[in-house]
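The opening residue of the sequence shown carries number 630 in the numbering used here; numbering runs sequentially from there.
Every residue, glycine too, gets a C-beta built ideally from N, C-alpha and C.
Everything below concerns the one structure shown next.
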Amino acid sequence: MALFGPQDKFLRMIRKETAAVIHSRDADILIEGPEEEVENVRQLFETLLQLIRGGRQPTEQDIRYAWQLVRERKAHQLLSLFSEDVALTFRGKEIRPRTLGQRNYLSAIRKKDIVFGIGPAGTGKTYLAVVAAVAALKEGSVRKIVLTRPAVEAGERLGFLPGDMQEKVDPYLRPLYDALNDVMGPDGVGKALDRGLIEIAPLAYMRGRTLEDSFIILDEAQNTTPEQMKMFLTRLGIGSRMVITGDVTQIDLPRGIRSGLIEAERILRSVEEIGFVYFTEQDVVRHHLVQKIILAYQADRNPS
Numbered sequence: 630m631a632l633f634g635p636q637d638k639f640l641r642m643i644r645k646e647t648a649a650v651i652h653s654r655d656a657d658i659l660i661e662g663p664e665e666e667v668e669n670v671r672q673l674f675e676t677l678l679q680l681i682r683g684g685r686q687p688t689e690q691d692i693r694y695a696w697q698l699v700r701e702r703k704a705h706q707l708l709s710l711f712s713e714d715v716a717l718t719f720r721g722k723e724i725r726p727r728t729l730g731q732r733n734y735l736s737a738i739r740k741k742d743i744v745f746g747i748g749p750a751g752t753g754k755t756y757l758a759v760v761a762a763v764a765a766l767k768e769g770s771v772r773k774i775v776l777t778r779p780a781v782e783a784g785e786r787l788g789f790l791p792g793d794m795q796e797k798v799d800p801y802l803r804p805l806y807d808a809l810n811d812v813m814g815p816d817g818v819g820k821a822l823d824r825g826l827i828e829i830a831p832l833a834y835m836r837g838r839t840l841e842d843s844f845i846i847l848d849e850a851q852n853t854t855p856e857q858m859k860m861f862l863t864r865l866g867i868g869s870r871m872v873i874t875g876d877v878t879q880i881d882l883p884r885g886i887r888s889g890l891i892e893a894e895r896i897l898r899s900v901e902e903i904g905f906v907y908f909t910e911q912d913v914v915r916h917h918l919v920q921k922i923i924l925a926y927q928a929d930r931n932p933s
């Protein structure tokens with residue numbers, strides 16, 4: 630049965646998560662146990678069946694997230710996530726928001742010229758921003774994609790590093806290349822770089838410029854200083870959009886230096902035209918253990 634996944638993998642996973650007892654025989658399912666748990670499992674199966682009948686095949690991550698939504702009485706919202714294909718990878722795999730947080734993020738990017746995506750690692754902040762940027766480039770709403778991040782490990786003093794410009798910045802910007810390669814393919818990225826349609830550079834190289842008709846992404850923004858963040862935001866030119874991503878729990882700045890991301894959040898939160906989207910551990914789309922690791926660190930940092 631497709632509902633239970635390959636070799637009943639999904640069924641075994643659900644059984645581990647619930648106090649209800651699930652019996653299955655051919656196409657029949659019997660659920661026994663505490664009333665609330667029985668109802669939760671019933672809602673989960675009904676939601677998954679609707680997806681499958683609509684031609685969708687849920688993944689393990691979808692099952693885990695669906696169970697979270699069921700417990701929050703939001704199971705019906707899972708269906709809307711499957712109706713929002715954003716793009717395809719160069720291999721033809723669909724790209725869509727996998728959590729409600731990701732859906733809200735993409736919606737904000739479509740509606741506002743500046744969007745901050747703030748939250749833990751693994752929530753798709755950078756990846757989805759790159760997907761949105763490539764889509765905007767393809768549809769012609771921008772003429773260029775600019776990707777940047779602070780090279781904090783080198784203190785932004787790239788002139789002191791060996792090698793030419795490309796060799797210097799590649800180690801710091803590799804995650805951005807990875808996202809682009811997944812969406813466009815290495816050949817497509819190479820051609821776009823050669824034609825000047827994509828620019829990838831450290832934050833220090835943004836100074837003194839005005840970026841027009843561009844989709845600009847600042848990654849790892851928690852490692853900017855307030856001065857760098859202000860400099861970056863004021864590069865915004867006519868016809869351009871910005872997405873700023875960061876995780877305020879992963880600040881690598883020297884002791885005593887404030888994070889530009891935290892300061893920008895405080896100063897700009899009330900500006901209506903600027904969007905702030907906050908991700909939580911529920912939006913993590915990596916291995917399910919990543920969510921548990923994030924929760925464990927949060928508990929250690931904030932003991933009750």
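The three-state reading of DSSP puts Ile-886 in coil, since its state is none of H, G, I, E or B. For Val-900, no beta strand (DSSP E) run applies, since DSSP gives it neither H nor E. Note on geometry: alpha-carbon atoms of Arg-732 and Ala-695 lie some 15 Å from one another. In the structure shown, Thr-647 falls within a coil segment according to DSSP collapsed to helix, strand and coil.
Inter-residue distance for Leu-632 and Gln-686 is about 9 Å (C-alpha atoms, whole angstroms). Within the model, the alpha-carbon separation for Arg-864 versus Asp-876 is close to 22 Å. Here the C-alpha atom of Pro-831 lies approximately 26 Å from the C-alpha atom of Glu-902. Counting of Cβ neighbours within 10 angstroms places Val-650 among the exposed residues, the total staying below 16.
Ala-704 places its beta carbon 7 Å or farther from that of Thr-728.
Around the beta-carbon of Ile-845, 16 or more other beta-carbon atoms lie within 10 Å, marking it buried. Contact between the stretch 823-830 and the stretch 745-759 is absent, with fewer than three C-beta pairs closer than 8 Å.
For Thr-755, the secondary structure class from DSSP, reduced to helix, strand or coil, is helix. Leu-840 is bridged by DSSP to Leu-865.
Fewer than three Cβ pairs drawn from the stretch 740-747 and the stretch 718-725 lie within less than 8 Å of each other, which leaves the two stretches out of contact. For His-652, DSSP records a beta bridge to Leu-659.
Excluding its 5 nearest sequence neighbours in each direction, Ala-765 has C-beta neighbours in its own chain below 6 Å: Val-771 and Phe-844, listed in chain order. If you ignore the 5 residues before and after Lys-740, its C-beta comes within less than 8 Å of the C-beta of Gly-904, all in its own chain and listed in chain order. Residue state for Pro-831 is assigned as strand, using DSSP reduced to three classes. Between Leu-840 and Gly-866, the CB-CB gap stays under 7 Å.
Around Gln-672, the same chain offers Val-699 and Ala-704 as residues with beta carbons nearer than 6 Å, after the five sequence neighbours per side are excluded. Counting of Cβ neighbours within 10 angstroms places Gly-889 among the buried residues, the total reaching 16 or more. Pro-855 sits close to Arg-887, with the two beta carbons spaced by under 7 Å. In the structure shown, the three-state DSSP call for Thr-854 is coil. In the three-state reduction of the DSSP assignment, Ile-743 falls in the strand class. Straight-line spacing of the CA atoms in Glu-665 and Phe-674 works out to 14 Å.
Secondary structure note for Thr-676: its alpha helix (DSSP H) is the uninterrupted segment 664-682. Around Arg-838, the same chain offers Arg-864 as residues with beta carbons nearer than 8 Å, after the five sequence neighbours per side are excluded. Burial state of Gln-920 is buried, judged by a 10 Å Cβ sphere holding 16 or more other Cβ atoms.
Partner residues in the beta bridge of Glu-723, as assigned by DSSP, are Leu-717. With fewer than 16 other Cβ atoms from the protein chains shown falling within 10 Å of its own Cβ, Pro-635 counts as exposed. Collapsing the DSSP output to three states places Ile-880 in coil.
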